[in-house]
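The sequence shown maps to residues -21 to -1, 1 to 270 in mature numbering (1 follows the signal peptide of the UniProt record, and there is no 0).
Just below is one structure, and these are the notes that go with it.
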Amino acid sequence: MKRRRFLFIAAAAAFGGPARAEITTWQADMFGGTVRIDLRGPRALSADVVRNVGATIAEVEAAASLFKPASALRRLNATGRLDEPPAILLDLCSLADDLYRRTDGRFDPTVQPLWRALAEGRDTADARAAIGWNRVRIGTPVRLDDGQALTFNGLAQGYAADRVRALLRKAGYNQALVEMGEYATIGGPFTVAVEDPAIGTVAVRRLTGNAIATSSPAAMRIGGSFHILGPKREVPCWSTISVEAESAALADGFSTAFCLMSADDIRKAMGKARDVMRVTAVDFAGDVSTF
């Protein structure tokens, strides 16, 4: 899980001169923060796109938000079974399965009971015993093992950013910066700072059509623990990890998992991941490495 308080989307259409370009703004509370969309282009086009972007984000929330009591994910966690899972939830399960395999189990959405136990100050033995993505059955229905619950907080926002980017591209926007905790871009270059909570800005990255996500375990603590939890009792190896990848969802997931992996393990995972371009890692002494 990563803290997100303000989410921002800005895009420019590829048609019309300056006289036709107007800014349309829309704002709503989503994903536990505030989403604001600024679109520059013909007003009739922008108004329609704003509605579609809002609907797209709401659709992801309805499938995978822990903040929405009626979401598909909350219903799955409550009963351990979902007979008619929405396509978005199945997409996220598929992405999680891929990340689980590519990170040797460090990315594991079944840490949710452990997160709650720590947050509520309860004993963690039962929650730790329930961890294991390999025990989740993906399909129709989706089924969890006894005591399990899922969180897609390390994936859903990046997934939503990718869907918004695809919608904007289809609508004709040739320049877009979608920030939802992660950044996804169309065109560019866009300049994005990589920041560590202890020492501030450690790098500046230029994005052109790709995505970046940054995770910092010490940005928030739960029950005295870092908020990025090791499914096999791993402790974070890094103060900050930033991942540049083809998609925001992959950048989001890898940045979470890589926090729990050594430099050698990150290099090994990257050797098999052609969709990951660069990793920036800050250790707890403040030293910066690039892989």
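Beta carbons are placed, not taken as given, at the ideal position from N, Cα and C, and that holds for glycine.
Candidates the options, of which the one nearest residue i by Cα
i: THR164; options: GLU174, ALA177, ALA172 and LEU147; result: LEU147
i: ILE201; options: GLN91, VAL32, LEU69 and VAL14; result: GLN91
i: GLY111; options: GLY118, ALA98, GLY12 and ASP125; result: ASP125
i: ASP8; options: ASN31, LYS47 and ALA42; result: LYS47
i: THR103; options: ARG212, ASP266, THR35 and LEU45; result: ARG212
i: ASP62; options: VAL143, LEU156 and ALA51; result: ALA51
i: ARG81; options: ALA66, ALA248, LEU186 and LEU123; result: ALA248
i: VAL32; options: PRO120, LEU129 and THR4; result: THR4
i: ASN113; options: THR35, ALA155, ALA140 and PRO210; result: PRO210
Close beta carbons around residue i, own chain, < 8 Å, minus the five adjacent residues each side
i: LEU78; result: PHE86, LEU134, LEU229, GLY232, PHE233 and ALA236
i: ASP254; result: ALA224, GLU225, SER226 and LEU229
i: SER73; result: ILE117
i: ARG(-18); result: The pLDDT assigned to ARG(-18) is 42, lower than 50, so where the model puts this residue is not dependable; a value taken from the coordinates is nonetheless given after this. Only PHE10, GLY11, GLY12, GLN136, MET159 and GLY160 meet the Cβ criterion.
i: ARG53; result: SER44, LEU45 and LYS47
Run of the alpha helix (DSSP H) containing residue i, from where it starts to where it stops
i: ILE220; result: Segment 219 to 224 is the beta strand (DSSP E) holding ILE220; no alpha helix (DSSP H) there.
i: MET249; result: 242 to 250
i: residue 315; result: The question about residue 315 has no answer, for the chain in this structure spans -21 to 270.
i: SER234; result: 227 to 237
i: ALA190; result: Note, ALA190: premise wrong, no alpha helix (DSSP H); beta strand (DSSP E) at 190 to 194.
i: LEU71; result: 66 to 81
Cα-Cα separation, residue i to residue j
i: ASN153; j: THR180; result: 29 Å
i: ALA260; j: ALA182; result: 10 Å
i: VAL143; j: ALA75; result: 20 Å
i: VAL157; j: TYR138; result: 11 Å
i: GLN127; j: PRO176; result: 32 Å
i: residue 271; j: THR130; result: An answer regarding residue 271 cannot be provided, because it is not within the stretch -21 to 270 covered by the chain.
i: ARG95; j: ASP105; result: 12 Å
Other residues of its chain near residue i: CB distance less than 7 Å, five sequence neighbours each side excluded
i: PRO215; result: PRO196, PHE205, ILE207, CYS238 and LEU239
i: GLY188; result: THR164, ILE165, GLY166 and GLY167
i: LEU186; result: TYR162, THR164, GLY167, PRO168, PHE169 and VAL171
i: GLU38; result: ILE67
i: MET256; result: ASN189, GLU223 and ALA224
Any non-hydrogen atom of the ligand GTP within 7 Å of residue i CB
i: GLU161; result: The ligand GTP is not part of the structure shown, which contains no ligands of any sort.
Residue range of the beta strand (DSSP E) that includes residue i
i: SER268; result: 267 to 269
i: GLN154; result: 152 to 158
Beta-carbon contacts of residue i that lie in its chain and below 6 Å, excluding the five residues immediately before and after
i: PHE263; result: SER218
i: GLY265; result: ILE178
i: ARG122; result: ARG60 and ARG116
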